[in-house]
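Contents: one structure, followed by commentary.
Numbering (the UniProt record's numbering), first residue to last: 1 to 311.
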């Protein structure tokens, strides 16, 4: 079966080469016909599990479509070549081709397809390279934002925010979360804004910035339905406990279902949160209690616990 498919692929390659030949009666190469034959060759190689040859055939198809100024089809072929590299476990090279495809989609005016390609690339690389996945999700979000497709942009930023937390890039996570929240506010998805406020508070408290955490809650009072909601009451209670160094109350809030059942990365921030200064016990408020964002960094053992929980 495989041998038959390989022979079939070579037949299509021969036909593609014939399409490119010129003569006295045929002045221009038939790039469209050559691309079509190369696409068929690529599928035949793929079915025969000859991924290297399938990749090369897709790249040739992309080349012929580009010569024919058919950018959308060229981009599709580059994306398919990338998928062959994925099957060969050559992930960085696969991502490069998918990014190239996304640029061509943009040049062709099909930005939505470009954004979806970058999202797919992010999912592919995420298990092995979180930093690259963040970059791809952020690029995809920008594409959708430029198209005024804010729901898709916010969802992609959400993926980036969670990975930034996992990477402990908390300053960047804080910026990303604010941008997410602004988008959800613009499309009037207020319940999701409430959840983003909780995530912001957790990130800022881990950054040691009580003032920024408090500001996020105060700004959310303008959101319809936030004031008096479970999300609001929990954050007010958490901030008061953090400020008063009340370990018991803070632990109760952080282990409540509202926080425990958030996305895993934020739930881990909640359960690893400690009062500033590391002093256990209830209401041990020192003269240097955190004000104006002066809280010190979390104790070393908290960091280790958090990071260990992610491995």
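From the three backbone atoms N, C-alpha and C, an ideal C-beta is built for every residue, glycine too.
task: Using a threshold of 7 Å, state whether the C-beta atoms of residue 98 and residue 77 are closer than that.
output: Position 98 of the chain shown, counted from the start, is the residue given in the question as residue 98. Position 77 of the chain shown, counted from the start, is the residue given in the question as residue 77. For residue 98 and residue 77, no; Cβs fall outside 7 Å.
query: Per DSSP, what kind of secondary structure is residue 125 in: helix, strand or coil?
result: Within the chain shown, the letter at position 125 stands for residue 125. Of the three classes helix, strand and coil, the one that applies to residue 125 here is helix, per DSSP.
message: Cutting at 6 Å between CB atoms, please list the residues of its own chain near residue 121, excluding the five before and the five after it.
response: As a working note, residue 121 is residue 121 in the chain shown. The residues are 95, 98, 136.
message: According to DSSP, simplified to helix, strand and coil, what is residue 48?
response: One-based indexing of the chain shown puts residue 48 at position 48. Residue state, collapsed to three classes: coil.
- prompt: Anyone know if the C-beta pair for residue 31 and residue 67 falls short of 7 Å?
  reply: Within the chain shown, numbered from 1, the residue matching residue 31 stands at position 31. Within the chain shown, numbered from 1, the residue matching residue 67 stands at position 67. Yes, the Cβ-Cβ distance between residue 31 and residue 67 is below 7 Å.
query: Considering only C-alpha positions, which residue in the set 21, 15, 104, 101 is nearest to residue 40?
result: Counting from one through the chain shown, the residue named residue 40 turns up at place 40. Checking every option, the nearest Cα to that of residue 40 belongs to 15.
task: Confirm, please, whether the CB-CB distance from residue 153 to residue 161 is below 7 Å.
output: On the chain shown, position 161 is the one that residue 161 refers to. On the chain shown, position 153 is the one that residue 153 refers to. The answer is no: Cβ separation not under 7 Å.
CB-CB length for residue 107 against residue 71, believed under 8 Å: Residue mapping note: residue 107 aligns to position 107 of the chain shown, counting from 1. Residue mapping note: residue 71 aligns to position 71 of the chain shown, counting from 1. 6 Å between Cβ atoms; contact.
query: What is the DSSP secondary structure of residue 68, counted as helix, strand or coil?
result: Counting from one through the chain shown, the residue named residue 68 turns up at place 68. Looking at residue 68 - three-state DSSP - the assignment turns out to be coil, as it is neither helix nor strand.
task: Look at residue 206 and residue 269 and say whether their C-beta atoms are less than 7 Å apart.
output: Taking the chain shown and counting its residues from 1, the one referred to as residue 206 is at position 206. Taking the chain shown and counting its residues from 1, the one referred to as residue 269 is at position 269. Contact flag set, yes.
- request: With a cut-off of 8 Å on the beta carbons, I'd call residue 165 and residue 261 a contact; round off their distance for me.
  value: For the purposes of this step, residue 165 is taken as the residue at position 165 of the chain shown. For the purposes of this step, residue 261 is taken as the residue at position 261 of the chain shown. Rounded, the Cβ-Cβ distance is 16 Å, inconsistent with contact.
- request: Could you name the residues of the same chain whose beta carbon sits closer than 6 Å to that of residue 197, not counting the 5 residues immediately before and after it, in chain order?
  value: As a working note, residue 197 is residue 197 in the chain shown. Excluding sequence neighbours, residue 197 sits near 216, 220.
- prompt: By a C-beta neighbour count over all protein chains shown, 10 Å radius and 16 as the cutoff for buried, is residue 83 buried or exposed?
  reply: In the chain shown, the residue the question calls residue 83 occupies position 83. Burial call: buried.
query: Going by alpha carbons, who is nearest to residue 223 out of 243, 251, 186?
result: Position 223 of the chain shown holds residue 223. Comparing Cα positions, the closest option is 186.
message: When you compare the CB positions of residue 38 and residue 57, do they come within less than 7 Å of one another, or not?
response: In the chain shown, residue 38 corresponds to position 38, counting from 1. In the chain shown, residue 57 corresponds to position 57, counting from 1. Their beta carbons are under 7 Å apart, which means residue 38 touches residue 57 by this criterion.
message: Please classify residue 4 as buried or exposed, where buried requires at least 16 neighbouring CB atoms within 10 angstroms.
response: Here residue 4 refers to the residue found at position 4 of the chain shown. Flag for residue 4 reads exposed.
- request: Please go through the segment 193-234 and give each complete alpha helix (DSSP H) segment of 4 or more residues, from N-terminal end onward.
  value: 210-220
query: In whole angstroms, what is the alpha-carbon distance linking residue 49 and residue 133?
result: If you number the chain shown from 1, residue 49 lands on position 49. If you number the chain shown from 1, residue 133 lands on position 133. Straight-line Cα distance between these residues: approximately 28 Å.
message: Let me check understanding here. Comparing Cα to Cα, which of 235, 264, 8 lies closest to residue 251?
response: Here residue 251 corresponds to residue number 251 of the chain shown, with the count starting at 1. Nearest C-alpha to residue 251: 235.
task: Please name the residue, chosen from 253, 35, 259, 156, that lies closest to residue 181 on a Cα-to-Cα basis.
output: By 1-based counting over the chain shown, the position of residue 181 is 181. The option with the nearest alpha carbon to residue 181 is 156.
query: With C-beta atoms as the reference, is residue 101 less than 7 Å away from residue 140?
result: Your numbering for residue 101 matches position 101 in the chain shown. Your numbering for residue 140 matches position 140 in the chain shown. No, the Cβ-Cβ distance between residue 101 and residue 140 is not below 7 Å.
task: Indicate the three-state DSSP secondary structure (helix, strand or coil) for residue 257 in the structure shown.
output: For the purposes of this step, residue 257 is taken as residue 257 along the chain shown, with counting starting at 1. Residue 257: helix per DSSP, three-state reduction.
- prompt: DSSP on residue 85, reduced to helix/strand/coil?
  reply: To locate residue 85, count along the chain shown from 1; it is residue 85. In this structure, residue 85 counts as helix in the three-state DSSP scheme.
- prompt: For the alpha helix (DSSP H) that residue 167 lies in, which residues bound it at each end?
  reply: Taking the chain shown and counting its residues from 1, the one referred to as residue 167 is at position 167. Taken as a continuous stretch (DSSP letters only), residue 167 belongs to no alpha helix (DSSP H), as it is neither H nor E.
- prompt: Helix, strand or coil for residue 146 per DSSP?
  reply: Counting from one through the chain shown, the residue named residue 146 turns up at place 146. Helix at residue 146.
- request: Could you tell me the distance, in whole angstroms, from the CA atom of residue 6 to the CA atom of residue 52?
  value: As a working mapping, residue 6 is identified with position 6 in the chain shown. As a working mapping, residue 52 is identified with position 52 in the chain shown. Roughly 12 Å separates the two Cα atoms.
- prompt: Are there 16 or more other CB atoms within 10 angstroms of the CB of residue 272, so buried, or fewer, so exposed?
  reply: Translated into the one-based positions of the chain shown, residue 272 becomes position 272. Flag for residue 272 reads buried.
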